[in-house]
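Chemist: First the structure, then my questions, so here it is.
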Amino acid sequence: MEWRSLPEILDAEQLIELALHRAAKKRSGQSDSAARKLSSLADNLGAPLGAIVEKFPSLDQLHPFDHDIVNLSVGLDELRQSLGGIDWARKQLQKLGGQFSSKAARARGERALQLQRQGYGRLTSVVRQVSDRLEFLRNARKILGLLPAVDPEIPLAVMAGAPNVGKSSLVRAISTGRPAVREYPFTTKSVSLGHITARYQKLQVMDTPGLLDRPDSERNNIEKHGLAALEHLSPSIMFVTDGSGTSGYPIEGQQTLREELRQRFPDAHWIDIWSKCDLEQEKPLPEGAIATSATEEIGVAELEQAVIEILLPE
Ligand SMILES: Nc1nc2c(ncn2[C@@H]2O[C@H](COP(=O)(O)OP(=O)(O)OP(=O)(O)O)[C@@H](O)[C@H]2O)c(=O)[nH]1
Ligand SMILES: [Mg+2]
Numbered sequence: 626m627e628w629r630s631l632p633e634i635l636d637a638e639q640l641i642e643l644a645l646h647r648a649a650k651k652r653s654g655q656s657d658s659a660a661r662k663l664s665s666l667a668d669n670l671g672a673p674l675g676a677i678v679e680k681f682p683s684l685d686q687l688h689p690f691d692h693d694i695v696n697l698s699v700g701l702d703e704l705r706q707s708l709g710g711i712d713w714a715r716k717q718l719q720k721l722g723g724q725f726s727s728k729a730a731r732a733r734g735e736r737a738l739q740l741q742r743q744g745y746g747r748l749t750s751v752v753r754q755v756s757d758r759l760e761f762l763r764n765a766r767k768i769l770g771l772l773p774a775v776d777p778e779i780p781l782a783v784m785a786g787a788p789n790v791g792k793s794s795l796v797r798a799i800s801t802g803r804p805a806v807r808e809y810p811f812t813t814k815s816v817s818l819g820h821i822t823a824r825y826q827k828l829q830v831m832d833t834p835g836l837l838d839r840p841d842s843e844r845n846n847i848e849k850h851g852l853a854a855l856e857h858l859s860p861s862i863m864f865v866t867d868g869s870g871t872s873g874y875p876i877e878g879q880q881t882l883r884e885e886l887r888q889r890f891p892d893a894h895w896i897d898i899w900s901k902c903d904l905e906q907e908k909p910l911p912e913g914a915i916a917t918s919a920t921e922e923i924g925v926a927e928l929e930q931a932v933i934e935i936l937l938p939e
């Protein structure tokens, strides 16, 4: 089961309403109708809960990258606790459903109806007891559904650099990725993903939010842990330096950031990009770097070729 596309989860009241509706379809008036309704209600409440537990990712089997990402996005402890709560409710429903329906099967008339009412009360209250857990999982499902579908098994190149240097524009230029390009800094809130197809193989290109030149201790948690998660994928790195001065970040600071990333990813294949080459440059192009302009489509094909060569060596 792909954990980014989990089926919809009903909230406690919706689940109860649906199960009551189904149980009501069991014919009344027969000698065993209370027992049948009780067991139908327990089944119809328990089955969707069982499906939730089954379909959520098996947390211990996640790829280390996915593990970190799920933890960062929804919190693994709370996810575990919520799934545990739902599983408890499923077992509880099974047990109570069995008890009440077998008692009701032996009872007649008013006594059977009384047991049915009692059983309905107990069963629905089990589901209401885990309504917060269900709410958490409904929300987690939505969050997981919005995450970029990074496949840990497919080669990956990451576009990194300071804010506003033109990373997203380049990801758009070389891949199918359509990250937002905005006119102001700090725009790329989340990671987005594009693909390049070369020699019948799919390659991944990831856009990332701009990083600031600052010590790791001052990074916010998402940024810090996002970088740590990335390490599991051994990505190739395209480092973008804006030599035009229009990003608002001095070249020296961008170079410090570059050094920091080189140390963090010492084994990564590395491409240096000098962006916005259509504008006047504050420094000459360093040796080995690729000069690009996303707006004028300069160096874009060369960059794409360089990415293909490092991700898919012949
Ligand atoms: N002149 C010129 N401007 C560019 C070029 N590439 C990007 N820009 C402009 O630079 C600004 C930032 O571009 P983005 O691609 O959003 O930069 P980014 O690095 O993704 O920014 P963050 O995600 O905020 O870190 C936008 O106003 C772009 O229009 C280029 O090649 N030439
Ligand atoms: Mg961006």
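In the numbering used here, the protein residues as written are 626 to 939.
Backbone N, C-alpha and C define an ideal beta-carbon position, used for all residues, glycine too.
Is Pro788 near ligand 1, in the sense that its beta carbon is under 7 Å from a heavy atom of that ligand?
Modeler: Yes, the beta carbon of Pro788 sits closer than 7 Å to at least one heavy atom of ligand 1.
Chemist: Beta carbon of Lys792: closer than 7 Å to some heavy atom of ligand 3?
Modeler: This structure does not include ligand 3; its bound ligands are ligand 1 and ligand 2.
Chemist: Which same chain residues, not among the five before or five after Asp693, have their C-beta less than 8 Å away from its C-beta?
Modeler: Once the five neighbours on either side are set aside, the close Cβ partners of Asp693 are His850, Ala853, Ala854, His857.
Chemist: Let me confirm a value: Arg758 is counted as buried when at least 16 other C-beta atoms fall within 10 Å, else exposed. Which label applies?
Modeler: Buried, because 16 or more other Cβ atoms sit within 10 Å of the Cβ of Arg758.
Chemist: Starting from Asp685, follow its DSSP beta bridges and name the residues at the other end.
Modeler: DSSP lists no partner for Asp685.
Chemist: Confirm, please, whether the CB-CB distance from Val699 to Leu631 is below 8 Å.
Modeler: Their beta carbons are not under 8 Å apart, which means Leu631 does not touch Val699 by this criterion.
Chemist: Could you give the distance in angstroms between the alpha-carbon of Gly710 and the alpha-carbon of Asp668?
Modeler: Cα to Cα, Gly710 sits roughly 17 Å from Asp668.
Chemist: Which whole-angstrom value describes the C-beta separation of Val775 and Leu818, a residue pair presumed to lie in contact below a C-beta threshold of 8 Å?
Modeler: 6 Å between Cβ atoms; contact.
Chemist: Which two residues bound the contiguous alpha helix (DSSP H) that contains Lys650?
Modeler: No alpha helix (DSSP H) holds Lys650; DSSP gives it neither H nor E.
Chemist: What I want to know is whether the C-beta of Pro804 ends up closer than 7 Å to one or more non-hydrogen atoms of ligand 2.
Modeler: Within the cutoff, so yes.
Chemist: Compare the Cα-Cα distances from Arg661 to each of Asp867, Glu907, Thr749, Tyr745 and report the closest residue.
Modeler: The option with the nearest alpha carbon to Arg661 is Tyr745.
Chemist: What first and last residue would you give for the beta strand (DSSP E) that runs through Asp867?
Modeler: Note, Asp867: beta strand (DSSP E), 861-867.
Chemist: Which same chain residues end up closer than 8 Å to Arg803 when comparing Cβ atoms and leaving out the 5 residues on each side of it in sequence?
Modeler: If we look at Arg803 and ignore the five residues flanking it on each side, its Cβ neighbours are Arg797, Ser817, Gly819.
Chemist: Within a Cβ cutoff of 7 Å, which residues of the same chain sit near Leu701, ignoring the five residues on either side of it in sequence?
Modeler: Closer than 7 Å at the Cβ level, and outside the excluded window around Leu701, lie Leu684, Val695.
Chemist: Less than 8 Å between the C-beta atoms of Gly951 and Arg715, yes or no?
Modeler: In this structure the chain extends from 626 to 939, so residue 951 is not present and cannot be described.
Chemist: Going straight from the alpha carbon of Gln739 to that of His688, what length do you get?
Modeler: Cα to Cα, the separation comes out at about 51 Å.
Chemist: Just confirm the distance between the C-beta atoms of Gln829 and Leu781, as a whole number of angstroms; I'd bet it's less than 8 Å.
Modeler: Rounded, the Cβ-Cβ distance is 4 Å, consistent with contact.
Chemist: Comparing alpha-carbon positions, which option in Ser861, Gly878, Lys651, Ala648 lies nearest Pro938?
Modeler: The shortest C-alpha separation from Pro938 is found at Ser861.
Chemist: Can you give me the Cβ contacts of Ala644 inside the same chain, cut-off strictly under 6 Å, excluding the 5 residues immediately before and after it?
Modeler: Excluding residues within five positions, the ones whose Cβ falls inside 6 Å are Leu666, Asn669, Leu670.
Chemist: Give the C-beta separation of Leu721 and Val751 to the nearest angstrom, bearing in mind that I take them to be a contact with Cβ-Cβ under 8 Å.
Modeler: Going by Cβ atoms, the distance from Leu721 to Val751 rounds to 7 Å, so yes, they are a contact pair.
Chemist: Quick one: Cα of Glu921 to Cα of Phe681, how far?
Modeler: Roughly 45 Å between the two C-alpha positions.
Chemist: From the DSSP secondary-structure annotation, give me the bridge partner or partners of Val783.
Modeler: Looking at the DSSP assignment, Val783 forms a beta bridge with Met831, Ile862.
Chemist: Would you tell me roughly how many angstroms separate the C-alpha atoms of Glu642 and Pro773, rounded to the nearest one?
Modeler: Going from the Cα of Glu642 to the Cα of Pro773 covers about 34 Å.
Chemist: Run the proximity test for Asp757: is its beta-carbon closer than 7 Å to any non-hydrogen atom belonging to ligand 2?
Modeler: Not so, every heavy atom of ligand 2 lies at least 7 Å from the Cβ.
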